[in-house]
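Colleague:
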Amino acid sequence: MNAPIRVAVTGAAGNIGYAMLFRLASGDCYGKNQPIILQCLELTPGMKALEGVAMELQDSAFPLLHGIEITDDANVAFKGANQAFLVGSRPRTKDMNRADLITANGPIFVGQGKAIAANAASDVRVLVVGNPCNTNALIAMHAGKAVPRDRWHAMTRLDENRAKAQLAKKTGALPGEVTNMAIWGNHSDTMFPDFNNAKVGGASVPSVVDRAWLEGEFLKTVATRGKAIIEARGASSAASAAAAAIDHMATLWNGTAPGEISSMAVCSNGAYGVPEGLIFSFPVTASAGNWSVVEGLELDEFARARIAATTAELLSERETVKDLLA
Ligand code: NAD
Ligand code: LMR
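Structure representation (structure tokens):
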């Protein structure tokens, strides 16, 4: 058994938090040899509900759960944290785009970025889930300057999983047979699910699926799935979002298998002409907590146009929050 790691989760009494904490505690993210101490953050009015969640975690008697701390103080929640899931923030409602949340949620990530820099362990890795997650991660990264830029991530793994599920349904394959399904850009309707470089059962996706469907219905379904779920459920995706957050951090922790590509929104170093410093979803490989952008992927005119559009959107979001970027 390894020494326990400290895992901070914000918005821990919310819908995603509730779906995520039990899977973290049961070893679904860091494996069955890795004990964890959960450090849960909520707003003060959410503390009573969080007490109840902590009681349920206790009652589950997870062997890997070596401690649960609950607090409304970010400095306490991030103390010594090795891993941090930044979920706490407002979800959108039916009539909103994710970007409409910038004003409500952006400021949260200034305080939390600072608290992470001041308190977290030197090996901390941060995943921002709260929307608009790319730009919130950008805000946190700027506020938490002392933490290296490659540690700040935003979540597009849910989009990757959605794309895999749609391709599996279309081709009759199992979701696990769809590989290298990378998302480029923003976690928003402008994202580009890169079907050109994806595979089904080892075959290139465009060689087995009609291109008009890929460029049309597939892309639209993946890009607007969050809204479709809000319309159907009356609330934003929660269990699938929690599963994707666990997938993202598990991939970062365990690494990608040889030849495997995953999607992570990370700080651009200028790869593929994406402006440096944007939090942008790239095809990546990962190993022991570190990632690298996959180089040399072919991008046709359609892909380049989509990537230009999602880049423009992220630049405009950055402009909107420029006062929050220290
Ligand atoms: P929710 O409203 O059920 O829960 C959010 C929780 O966060 C609440 O309990 C609230 O009290 C808490 N909170 C708010 N501000 C906080 C702060 N400053 N510090 C600590 N806690 C705080 O919402 P949810 O369904 O869990 O969704 C959370 C966020 O995740 C939303 O912004 C949603 O849009 C986003 N989301 C992102 C993805 C993605 O793929 N990136 C997917 C689904 C949802
Ligand atoms: C999702 O993709 O399900 C989330 O980002 C929630 C939303 O607002 O779409």
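Heads up: the sequence shown begins at 11 in my numbering, then just goes up one per residue. Ideal Cβ positions, reconstructed from N, Cα and C, are used throughout, including at glycine. What you are looking at is a predicted structure, and each value in this text was computed from that prediction instead of being measured.
Is the segment 98-108 touching the segment 237-245, taking contact as three or more C-beta pairs under 8 Å?
Modeller: The segment 98-108 vs the segment 237-245: in contact.
Colleague: Does the beta carbon of N196 fall short of 6 Å from some heavy atom of the ligand LMR?
Modeller: No, the Cβ of N196 stays beyond 6 Å of every heavy atom of the ligand LMR.
Colleague: Count the CB pairs spanning the segment 173-181 and the segment 139-159 that are closer than 8 Å, and state whether there are at least three.
Modeller: No contact exists between the segment 173-181 and the segment 139-159.
Colleague: Does the ligand NAD have even one heavy atom less than 6 Å from the beta-carbon of V276?
Modeller: False, no ligand heavy atom lies under 6 Å from that Cβ.
Colleague: For I149, which of helix, strand or coil comes out of DSSP?
Modeller: Residue state, collapsed to three classes: helix.
Colleague: Is the separation between the beta-carbon of Q122 and that of V17 shorter than 7 Å?
Modeller: No.
Colleague: Around the C-beta of Q49, are 16 or more other C-beta atoms found within 10 angstroms, so that it is buried, or is it exposed?
Modeller: It is buried - the Cβ of Q49 has at least 16 other Cβ atoms within 10 Å.
Colleague: Would you check if there are 3 or more beta carbon pairs closer than 8 Å linking the segment 69-81 to the segment 34-54?
Modeller: Judged by Cβ distances under 8 Å, the segment 69-81 makes contact with the segment 34-54, as three or more pairs qualify.
Colleague: Since I believe S250 is in contact with L168 (beta carbons under 8 Å), could you give me their beta-carbon distance rounded to a whole number of angstroms?
Modeller: Sure, about 6 Å apart at Cβ, within 8 Å.
Colleague: What does a CB cutoff of less than 7 Å around A114 pick up in its chain, not counting 5 residues either side in sequence?
Modeller: R100, listed in sequence order.
Colleague: Between L324 and S132, what straight-line distance do the alpha-carbon atoms span, to the nearest angstrom?
Modeller: Distance between the alpha carbons of L324 and S132: 29 Å.
Colleague: Identify the continuous beta strand (DSSP E) that holds E368 and give its terminal residues.
Modeller: Within the shown structure, residues of the chain are numbered from 11 to 336, placing residue 368 beyond reach of any answer.
Colleague: Report yes if the C-beta distance between A296 and T166 is below 7 Å; otherwise report no.
Modeller: Cβ atoms of A296 and T166: not closer than 7 Å.
Colleague: Hey, N207 and L307: beta-carbon distance below 7 Å or not?
Modeller: Yes, they are a contact pair.
Colleague: At a threshold of 6 Å, does A125 count as lining the ligand NAD (C-beta to nearest heavy atom)?
Modeller: Checking the Cβ of A125 against the ligand NAD gives no.
Colleague: Got a sec, what are the start and stop residues for the alpha helix (DSSP H) A29 sits in?
Modeller: Its alpha helix (DSSP H) spans residues 25-35.
Colleague: Would you mind stating whether A248 and N25 have Cβ atoms separated by less than 7 Å?
Modeller: For A248 and N25, yes; Cβs fall inside 7 Å.
Colleague: Kindly indicate which residue of P293, V19, G226 has the alpha-carbon position closest to the one of I46.
Modeller: Nearest of P293, V19, G226 to I46, Cα basis: V19.
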